[in-house]
Amino acid sequence: MRKDVETLEQRLVVRIGRMMTLGVGLIVALLTVFQFVLN
């Protein structure tokens, strides 16, 4: 039972990490696009 919970937590952490990296990438892309448009 304990192992199942740990694997679920690891999956959750990995999923959150991927979402955060994707969000950061999107923000950086938007910032570069805004700079391109403003300049």
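In my numbering, each number is its position in the sequence shown, counted from 1, plus 57. C-beta: ideal position from N, C-alpha, C; glycine also.
- Item | C-alpha distance - R75 paired with R68, whole-angstrom precision | 11 Å
- Spatial distance of G80 from V70 (CA atoms): 15 Å
- Task: Taking only the alpha-carbon atoms, compute the straight-line gap between F93 and G82 and give it to the nearest angstrom.
- Result: 16 Å
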